[in-house]
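Novice:
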Amino acid sequence: MFRSSVDMVSGGLGSGNLEAWFQNLMLSAGGEKSGGEGAAMAGWKDLPMELLLRIISLLDDRTVIVVSGVCTGWRDALCFGLTNLSLSWCTNNMNSLVQSLAPKFTKLQVLTLRQDRPQLEDIAVEAVANYCHDLRDLDLSKSFRLTDCSLYALAHGCPRLTKLNISGCSAFSDSALAYLTSYCRNLKNLNLCGCVRAATDRALQAIAYNCIQLQTLNLGWCEDISDNGVTSLAAGCPDLRALDLCGCVLITVMEASSVFWFVCVDDQSLVTLGSSTRRCRRLIRTCWSITGALPSRFRRDQLLSTWGELLRTPVPG
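Right, dumping it as structure tokens:
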């Protein structure tokens, strides 16, 4: 019922039948409820919050923003009920849009601001930090215009972050990233791919000290990371399950092996490791969660050529 209702709304907005659709909706609601409760509603502003949020859940994010401007009642309902929003569809004026929406949608927990071309500036991220204190998941990838001011603002305004994607944000410094981790200590998923200035050994030491719950870390193409940074991760992040070191040319095999004494590499991770480099075969001895069951479902020449007899080698006690 609700999906067809949404289709009618989108069609009615252009055909002038919005009020007719509302009357039909109220009649349907009145027929389903005793006492004619639905008939007491005089207009769109009286639509129950539960029904509104149910309808909104079927709409795309662009339409949700339009709906928030229908009346103050709908805006208030969305303010309290909307927890997930993506603005990646916005190809122009995302910076202004974020500044306008942040004060309205204060209960957001997931916010995606991924861009095909750089639009966001620090003032937009500062608006998010000032109003969206419940944020858990933030995607700022490809935000080339952002500076350290954004990370400082997020540190103070969004301490509950568990997932942060700042891949491609090349202007961030390692000191700002270290500062962020000292406040956002619940981070479990951190994407630093291409953050050459931010992802340094100093930053990794701060991450290892502050973010002991970290499970996934992407350090792709962060060329300044050395063995010292990797060793810090091994000591400070015992729950690390996925680590991307693609393009980290200063990392040696022996230091990389120290990480895998601690990380929770499992069967699925084995396939990824096996396809990345033959040198990783030396790391498998310390991966306690590998059962050997998963590789048996793949062609032998795809995996055994990489691992050989390694899976049958006893783990040293």
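Numbered by numbering that gives the first Met the number 0, the letters in the sequence shown go through residues 0 to 316 in order. Glycine included, C-beta positions come from ideal geometry on N, C-alpha and C.
#1: List the residues that DSSP assigns as beta-bridge partners of residue 110.
#2: Residue 185 and residue 221 - do their beta-carbons sit closer together than 9 angstroms?
#3: Spell out the partners DSSP gives residue 243 in its beta bridges.
#4: Going by DSSP in three states, residue 160 sits in which element: helix, strand or coil?
#5: Identify whether residue 46 lies in helix, strand or coil by the three-state DSSP scheme.
#6: Apart from the five residues just before and just after residue 249, which ones in its own chain have a Cβ nearer than 6 angstroms to its Cβ?
#7: Taking 9 angstroms as the CB-CB cut-off, is residue 109 touching chain D?
#8: Using the three-state DSSP reduction, which class does residue 326 fall into: helix, strand or coil?
#9: Work out the CA separation of residue 164 and residue 294 for me, nearest whole Å.
#10: Grouping DSSP H, G and I as helix and E and B as strand, with all else coil, what is residue 189?
#11: Just to confirm my understanding: we take residue 247, look at its own chain, exclude 5 residues before and 5 after, and list those with CB closer than 7 angstroms. What are they?
#12: Report yes or no: do the region 135 to 151 and the region 167 to 186 share at least 3 C-beta pairs separated by less than 8 angstroms?
#13: Taking the C-alpha atoms as reference points, what is the distance between residue 144 and residue 94?
#14: Report the CB separation of residue 161 from residue 136 in whole angstroms; it is logged as a contact under 8 angstroms.
#15: Residue 80 to residue 192, Cα distance in whole Å?
#16: Pull up the distance between the alpha-carbon of residue 103 and that of residue 188, whole angstroms please.
Specialist: With the given structure in hand:
#1: Within the sequence shown, the letter at position 111 stands for residue 110. Per DSSP, 84, 137.
#2: As a working note, residue 221 is residue 222 in the sequence shown. As a working note, residue 185 is residue 186 in the sequence shown. No, Cβ-Cβ distance for residue 221 and residue 185 is not below 9 angstroms.
#3: Counting from 1 along the sequence shown, the entry for residue 243 is found at position 244. 217, per the DSSP bridge assignment.
#4: For the purposes of this step, residue 160 is taken as the residue at position 161 of the sequence shown. Three-state DSSP puts residue 160 in coil, outside helix and strand.
#5: Translated into positions along the sequence shown, residue 46 becomes position 47. Correct three-state label for residue 46: coil.
#6: Looking up residue 249 in the sequence shown gives position 250. The answer, listed in chain order, is 225.
#7: Absent from the structure: chain D. Only one protein chain is present.
#8: This structure cannot settle anything about residue 326, because the visible part of the chain is limited to 0 through 316.
#9: To locate residue 294, count along the sequence shown from 1; it is residue 295. To locate residue 164, count along the sequence shown from 1; it is residue 165. Legend: pLDDT at residue 294 = 46, less than 50; position of this residue unreliable, no value from coordinates given.
#10: Start at 1 with the first residue of the sequence shown, and residue 189 comes out as number 190. Correct three-state label for residue 189: strand.
#11: The residue given as residue 247 occupies position 248 in the sequence shown. Result list for residue 247: 218, 221, 222, 224, in chain order.
#12: yes
#13: Counted from its first residue, the sequence shown places residue 144 at position 145. Counted from its first residue, the sequence shown places residue 94 at position 95. Using only the alpha carbons, I get a separation of about 11 angstroms.
#14: Stepping through the sequence shown from its first residue, residue 161 is reached at position 162. Stepping through the sequence shown from its first residue, residue 136 is reached at position 137. Confirmed, about 7 angstroms.
#15: Stepping through the sequence shown from its first residue, residue 80 is reached at position 81. Stepping through the sequence shown from its first residue, residue 192 is reached at position 193. One C-alpha to the other measures close to 33 angstroms.
#16: Residue numbering aside, residue 103 sits at position 104 when the sequence shown is read from its first letter. Residue numbering aside, residue 188 sits at position 189 when the sequence shown is read from its first letter. Their Cα atoms are separated by approximately 27 angstroms.
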